[in-house]
Each structure stands twice: as C-alpha cells, then as structure tokens.
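S.K.: Next up is a structure, given as structure tokens.
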Amino acid sequence: MPEGPSIVILKEELKPFKGKKVLEVSGDTSVQIDDLVNMKVHDFRTWGKHFLICFKNFFFRIHFLLWGTYRINERKDATPRLSLRFKNGEVNFYTCSIRRIEGSPDDFYDWESDVMADEWNAAKAEKKLKEMKKVNVSDALLNQEIFSGVGNIIKNEVLFRIKIHPESSTGALPKRKLKEMIKEARNYSFDFYTWKKAFELKKNWLIYKKKKCPRCNIPSEKGYIGKTKRLTFFCNNCQALFG
DNA sequence: CCGGTTGTTCAGCG
DNA sequence: GCGCTGAACAACCG
42 MPEGPSIVIL KEELKPFKGK KVLEVSGDTS VQIDDLVNMK VHDFRTWGKH FLICFKNFFF
102 RIHFLLWGTY RINERKDATP RLSLRFKNGE VNFYTCSIRR IEGSPDDFYD WESDVMADEW
162 NAAKAEKKLK EMKKVNVSDA LLNQEIFSGV GNIIKNEVLF RIKIHPESST GALPKRKLKE
222 MIKEARNYSF DFYTWKKAFE LKKNWLIYKK KKCPRCNIPS EKGYIGKTKR LTFFCNNCQA
282 LFG
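The numbering used here applies: residue 42 is where the first sequence begins, and numbers increase by one.
This is the structure in structure tokens:
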C-alpha cells in the first residue's frame, strides 16, 4: 500500500466512517486505544505516506512501511494492529506502525510538501532542492521532507519519463530540468492514483521492473543507487547523466 | 523454497 | 556530534 497515492485512496474508501462514532476497538498496538469507544472520528487525512485518523484533541498516525495492509468490512487471518468498528462497518489495519499524537495534524505537518495535496508548493520544493546541490536525484525524490508521498516506484518512473539518469546529481540539473522533475513528481503521482484505482498500475510501468527500455528497446539497467540504495531501473541510452 | 521488496528508524561504529 | 552501515520489523508474491 505504501506510496502516497495509495494512502489517498484509503482515505476515500473510509469516507463512510467519517463523523461516525466508534462502537468497538481492539488491536495489538502498544498505543492507548481503550478510550475511543463512543468517540467520533472527526476526519481521515493524509500527509504523504502517513494516514491520519483524527479525533477531537489527538490523532493516530499510521504508517504502513513495506508490509502494512488494511481491510474494510473484511478481516485477515491475523490479529489487527488496530480495528475500529462503526455502526455501518469496520476497518482493520495490519502490521503497520501506529503513533498516537496529542493536538491537531495542522500543528505538525507542512501540507505544502505533500505531492498529492491541494496545498502542494512547487516553488518551495525548488528552493529546498537548490540548497542540497550534491544530493543524488534518486535520493532527492525519496526525501519525504521535499516530496512527501513519493516512493521507489514513482521515483523510477519520474526519472525515466523526464529522461534523467538516476546517478545524476541535483545541483548539476539545468533549471529547466529541475523544474521538470518537480512537476513530474506530482504529475506521475496523480497518474499512479488513477491507474491504481483502475487496477492497472503495473500495466502502465514504463521502466520499473522492466527488462527492456520501451523507447529504444535495448536492455534496461538496474542498480542500488544513491544513499538510499533502493533498486532502480533505468535506460543508459535514453536517460541523460548530469554531473 | 528462496529471493526480493510501493519504507522508516535506530544502534553502533569510526 | 557527524555520517555511514546494517539490523530490525516479520508479510507476501512469484
């Protein structure tokens, strides 16, 4: 589930429970949940890969990491980390990281760095990137303080689409190329969202997990690139190396 | 059946 | 204190 667009889809799927009263709660999370019964969920929000369940004076931050899953009106054959039952259904979260935080998400999150948010601020991303010249472009795209919500798949596809080699350094990109990278990080995230909802995400991958470059048909390369060392697929012929 | 991973945090080291 | 490395987490697919 992990990349930002998938978390937005989860938020939409849970809309029927927004404003509803919790009738029953359980789960093996270590955070306090025993006071939720009879409390109303004020809102479900997202910030990048963070899924937020908001109550009046506090919220839960759920992070799915690599293996987290959820079921709505269904159960898996495993103990949920958190389960919430409402009059009109239930939601179950598995193998995720949960934190309970006092206050409002507005006190903690900068919505302008979330690539899926209405508040997304491309100019702010550009400013942050200009301050980190030596950073590799693959690492820059995975930096959640700049591109909150971007994950490894989006990173691969963005770099291929805009023809930038994943070993490039951010500071070596011409201004036009840097702006293109920022624009495409958001743009591809919305394509990811649309394709995921249509169950055709994998079908639309151009380079991620591909053996050949779809543009020039030569074998694609792969490597564990940058400080983040995440598996990266690319075309040595089509993607230009800067720096 | 083993290898790999849509991710993050933290301990331990030099 | 810093940057770097690798472990931990413990599911699921092919």
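Glycine residues also receive a C-beta, built at the ideal position from the N, C-alpha and C atoms.
Taking the C-alpha atoms as reference points, what is the distance between Asn79 and Phe233?
M.R.: Rounded to whole angstroms, Asn79 to Phe233 spans 37 Å at the Cα level.
S.K.: Can you name the start and end residues of the alpha helix (DSSP H) that Arg202 belongs to?
M.R.: Run containing Arg202: Asn193 to Arg202, per the alpha helix (DSSP H) assignment.
S.K.: Just to check my reading of the structure: Gly60 and Val82 have Cβ atoms closer than 8 Å, yes? What is that Cβ distance to the nearest angstrom?
M.R.: Contact holds; Cβ gap of about 7 Å.
S.K.: Under 8 Å, do Val191 and Met222 count as touching if we go by C-beta distance?
M.R.: For Val191 and Met222, no; Cβs fall outside 8 Å.
S.K.: Between Glu131 and the rest of its own chain, which residues show a CB-CB distance below 7 Å, the 5 nearest in sequence each way excluded?
M.R.: Here the set comprises Asn114, Ser124 and Leu125.
S.K.: Skipping 5 residues on each side, what residues in its chain have a beta carbon closer than 6 Å to that of Leu214?
M.R.: Phe283, listed in sequence order.
S.K.: Given that a residue counts as buried once 16 or more other Cβ atoms are within 10 Å of its Cβ, and exposed if not, what is Thr120?
M.R.: When all chains shown are included, Thr120 counts as exposed.
S.K.: Answer yes if the stretch 238 to 247 comes into contact with the stretch 161 to 168, meaning at least three C-beta pairs across the two stretches below 8 Å, and no otherwise.
M.R.: Counting Cβ pairs under 8 Å, fewer than three are found: no touch.
S.K.: Would Pro57 and Asn129 qualify as a contact pair, given that the criterion is a beta-carbon distance under 8 Å?
M.R.: Contact flag set, yes.
S.K.: By the DSSP assignment, the beta strand (DSSP E) with Arg102 in it spans what residues?
M.R.: Note, Arg102: beta strand (DSSP E), Phe99 to His104.
S.K.: Taking 8 Å as the cut-off, does the stretch 142 to 161 touch the stretch 93 to 101 (at least 3 CB pairs, one atom from each stretch)?
M.R.: With the cut-off at 8 Å, the stretch 93 to 101 and the stretch 142 to 161 touch.
S.K.: Under the rule that 16 or more other beta-carbon atoms within 10 Å means buried, what is Asp155, buried or exposed?
M.R.: So Asp155 counts as buried.
S.K.: If we count Cβ pairs, one from each stretch, closer than 8 Å, do we get three or more for the stretch 65 to 78 versus the stretch 172 to 183?
M.R.: At 8 Å Cβ cutoff, the stretches do not touch.
S.K.: When you compare only the Cα positions, how much space is there between Asn277 and Leu51?
M.R.: So the alpha carbons of these two residues sit roughly 36 Å apart.
S.K.: Thinking just about the alpha-carbon of each residue, which of His91, Thr136, Tyr150 and Arg271 is nearest to the one in Arg112?
M.R.: Nearest option by C-alpha distance: Thr136.
S.K.: Can you tell me the Cβ-Cβ gap for Pro43 and Leu106, rounded? I've got them flagged as a contact below 8 Å.
M.R.: Contact holds; Cβ gap of about 7 Å.
S.K.: Can you tell me which of Phe127, Trp88 and Lys196 puts its alpha carbon nearest to the alpha carbon of Asp148?
M.R.: Comparing Cα-Cα distances from Asp148 to each of Phe127, Trp88 and Lys196, the minimum goes to Trp88.
S.K.: CB-CB under 8 Å to Lys90, same chain, minus the five flanking residues each way: which ones, in chain order?
M.R.: Pro43, Glu44, Gly45, Ile48, His104, Phe105, Gln185, Ser189, Gly190 and Gly192.
S.K.: Check this for me: beta carbons of Ile195 and Ser230, under 8 Å apart or not?
M.R.: Contact: yes.
S.K.: In terms of alpha-carbon separation, which member of Trp246, Pro207 and Ile94 lies closest to Leu272?
M.R.: If we check each option's Cα against that of Leu272, Pro207 comes out closest.
S.K.: Would you tell me roughly how many angstroms separate the C-alpha atoms of Asp236 and Trp246, rounded to the nearest one?
M.R.: It should be noted that the sequence gives Trp, not Asp, for residue 236. In a straight line, the C-alpha of Trp236 is about 10 Å away from that of Trp246.
S.K.: Closest to Met173 by CA distance: which of Lys263, Gly212 and Lys238 is it?
M.R.: Comparing Cα-Cα distances from Met173 to each of Lys263, Gly212 and Lys238, the minimum goes to Gly212.
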